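Chains as they are written, first to last, in my numbering: chain A, 32 to 323; chain B, 91 to 433.
The structure is reproduced here in structure tokens:
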């Protein structure tokens with residue numbers, strides 16, 4: 032029983048990181064209607080900027096986090112401006128290939144700048160662990176869960192209450208009609224990328240704390256899994272991203288513990304394929320009808 | 091009848107075949123005459139396999155208009171099936187039967203995998219389909235790495251069936267020719283037009299009686315078959331093969347070739363495969379930047395291709411435009427360009 036609870040908790044810890052990453056995917060996908068393949072790599076850049084800020088510039092943790100958020104937001108906006116904006120009217124296939132190109136570019140640029148060997152992530156946050164009924168819960172797990180929940184709540188508020196949030200929803204609904212109502216589609220999408228990439232920076236803190244080592248390719252596969260989590264919960268839905276992320280993390284941890292570590296990747300990707308095929312609208316997503 | 095024959099002999103497809111024939115003729119003379127350096131001959135098999143891979147991926151990406159990120163997975167299914175067949179029959183069958191057999195078996199195994207991956211493709215398109223193919227590629231890699239029969243994480247020992255370039259080259263040439271011929275004829279046939287109609291407008295194609303489900307499956311199976319056959323040959327040129335080599339990065343590499351050659355263009359895929367595989371080998375100094383250059387190429391080609399800002403530049407620097415300029419003079423070339431643009 033304790034074993035089961037322990038697996039559940041480590042699944043929760045993994046899942047909360049996926050959830051944090053999935054929030055960024057779902058924001059961008061919901062508004063810009065494109066899969067930002069590079070999101071996972073922006074998380075990698077965020078982790079590297081914290082490493083540089085703490086171990087080389089010897090900045091205090093809070094400053095390092097702020098720098099990382101700024102770097103990621105700027106990177107997201109730059110990528111959007113240079114690579115995605117010229118393709119607004121292009122077929123989805125071309126946008127997807129460009130996004131893969133950007134992801135690949137970031138990985139290889141990081142490889143040239145930081146080298147291929149892994150770098151240790153500085154322990155900038157430490158929380159006391161909590162013991163409930165003989166089960167130890169890591170402080171970092173609790174912190175990740177709390178931060179994800181807070182971000183989820185504030186994003187929901189942001190989307191539903193503020194002017195910019197309304198603009199985002201309008202662009203997500205119908206770009207042409209939004210433009211006619213006086214909303215600048217380009218500005219809204221740029222803002223979405225800035226917010227999404229800032230979330231990537233926040234994710235990189237907890238990601239780095241959980242995985243300890245960072246490499247140029249660190250972000251890619253977890254990024255794909257987090258996208259699956261976003262689809263699992265229903266793409267475009269903010270509570271869905273959190274739900275999907277946590278469920279995916281628990282599934283991965285359970286298959287690692289009870290089936291095999293070797294097969295866990297195959298199982299997670301199997302779940303991915305199954306979800307996409309059986310229920311592409313996700314748990315909390317809305318069904319979209321195809322218009323002719 | 092005579093004019094028809096002349097047209098066929100001078101058609102664009104025929105020119106591509108002449109080009110490949112001439113290239114392989116030169117290469118064969120070099121290899122069998124003993125003038126080829128070890129370096130050159132070691133590249134030939136890999137380049138041939140990449141041509142077959144790129145031309146077959148072009149069917150999915152260029153003609154069907156869907157992104158497949160699991161092409162390396164299909165290749166590795168074909169590679170392991172073909173090599174296992176070869177290893178078990180190495181004592182009993184001569185090479186001339188064994189290798190085509192391995193290619194056929196590898197191709198069929200990969201085609202089966204293509205069918206399994208293609209089934210979800212019936213419901214999905216765009217981003218979701220790309221992710222599913224990526225996921226399937228990773229599952230294939232994971233399964234092969236964890237099976238005992240394929241040597242596990244250490245890789246499959248293929249030293250008993252290892253053959254040098256001199257032995258493998260005829261088979262590789264045959265593979266390239268068959269792949270290119272099949273794809274060219276498919277593109278010109280009724281079926282090819284149906285596939286391209288699905289790419290251009292799925293709903294319109296469907297309402298005109300094109301069986302979208304059937305064609306999507308055919309495309310996935312066919313493209314996986316040739317990737318698998320290429321994999322079988324590729325495996326014979328190594329003494330040890332690991333499934334981990336055939337990951338997402340390799341699929342991207344093939345995708346870069348297809349995109350650089352021009353999506354949908356078979357000759358383009360052939361030329362790009364040769365250029366992208368031969369150049370980094372010749373320019374060893376910049377090998378660190380190879381992947382970076384690939385990614386920049388991907389982004390730039392997509393921007394040049396579909397951004398309205400660069401629309402009037404499109405086609406002006408293509409090989410076709412240069413040929414027209416040489417043949418008809420600058421003015422005529424620009425005029426045909428314009429008339430093409432308004433079609």
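Yeah, the Cβ is synthetic: ideal placement off N, Cα and C, and Gly gets one too. On a predicted model such as this, the values are computed, not experimentally measured, just so you know.
(message) Taking 8 angstroms as the threshold (beta carbon to beta carbon), is residue 196 of chain A in contact with chain B?
(response) no
(request) Less than 8 angstroms between the CB atoms is what I'm expecting for residue 98 of chain A and residue 84 of chain A, so what's the real figure, rounded? (result) 5 angstroms
(request) Rounded to whole angstroms, what's the CA-CA distance from residue 220 of chain B to residue 50 of chain A? Just pull it up for me. (result) 22 angstroms
(request) Within the region 260-292 of chain A, note down every full alpha helix (DSSP H) run reaching 4 residues or more, in order along the chain. (result) 269-289
(message) Using the Cβ count rule (16 or more neighbours within 10 Å means buried), how would you classify residue 434 of chain B?
(response) Since the first residue of chain B shown is 91 and the last is 433, residue 434 of chain B is not available in this structure.
(message) Using only CA atoms, which one of A/166, A/92, A/142 lies nearest to residue 250 of chain A?
(response) A/142
(request) Within 10 angstroms of the Cβ of residue 429 of chain B, are there 16 or more other Cβ atoms? Answer buried if so, exposed if not. (result) No answer about residue 429 of chain B holds up, because its pLDDT of 46 lies below 50 and its placement is not dependable.
(request) Label residue 100 of chain B either buried or exposed according to how many other C-beta atoms from any shown protein chain fall within 10 Å of its C-beta, with 16 as the threshold for buried. (result) exposed
(request) Determine the burial state of residue 431 of chain B: buried for a count of at least 16 other Cβ atoms within 10 Å of its Cβ, exposed for fewer. (result) Note that residue 431 of chain B scores 40 on pLDDT, short of 50, meaning its location in the model is unreliable; the coordinates nonetheless yield the value given after this. Classification for residue 431 of chain B: exposed.
(request) Output yes or no for whether 8 angstroms exceeds the beta carbon distance between residue 122 of chain B and residue 277 of chain B. (result) no
(message) Contact between the region 303-323 of chain B and the region 200-208 of chain B is defined here as three or more beta-carbon pairs at a separation below 8 angstroms; is this criterion met?
(response) yes
(message) If the criterion is Cβ atoms closer than 8 angstroms, does the pair residue 347 of chain B and residue 140 of chain B meet it?
(response) yes
(request) Say whether chain A places a C-beta atom closer than 8 angstroms to the C-beta of residue 330 of chain B. (result) no
(message) Distance check for residue 137 of chain A and residue 277 of chain A, CA to CA, integer angstroms please.
(response) 27 angstroms
(request) Please specify which runs of the alpha helix (DSSP H), each continuous and at least 4 residues long, are wholly inside the region 164-219 of chain B, giving them in chain order. (result) 185-211
(request) Examine the Cβ distances between the region 150-168 of chain B and the region 230-245 of chain B and report whether three or more of them are shorter than 8 angstroms. (result) yes
(request) Assess, as a yes-or-no matter, whether the region 225-236 of chain A is touched by the region 280-291 of chain A under the definition of 3 or more beta carbon pairs within less than 8 angstroms. (result) no
(request) Can you grab the Cα-Cα spacing for the pair residue 170 of chain A / residue 47 of chain A, in whole Å? (result) 13 angstroms
(message) From the DSSP secondary-structure annotation, give me the bridge partner or partners of residue 151 of chain A.
(response) A/244
(request) Using a Cβ cut-off of 8 angstroms, pull out every chain B residue sitting near residue 255 of chain A, in sequence order please. (result) 221, 224, 225
(message) Looking at residue 150 of chain B: is its Cβ nearer than 8 angstroms to the Cβ of residue 270 of chain B?
(response) no
(request) Give me the Cβ distance between residue 79 of chain A and residue 145 of chain A, rounded to the nearest whole Å; I'm assuming they're in contact under 8 angstroms. (result) 6 angstroms
(request) With DSSP as the reference, label residue 433 of chain B as helix, strand or coil. (result) With a pLDDT of only 33 at residue 433 of chain B, under 50, the local geometry of the prediction cannot be trusted, and no value is derived from it.
(request) Within its chain, find whatever has a CB closer than 7 angstroms to the CB of residue 195 of chain B; leave out the 5 residues flanking it on each side and keep chain order. (result) 171, 172, 175
(request) Anything in chain A within Cβ reach of residue 369 of chain B, meaning under 8 angstroms, just list it in chain order. (result) Correct list: empty, because the minimum Cβ distance to chain A is about 17 angstroms.
(message) For residue 188 of chain B and residue 203 of chain A, what's the separation of their Cα atoms in angstroms?
(response) 57 angstroms
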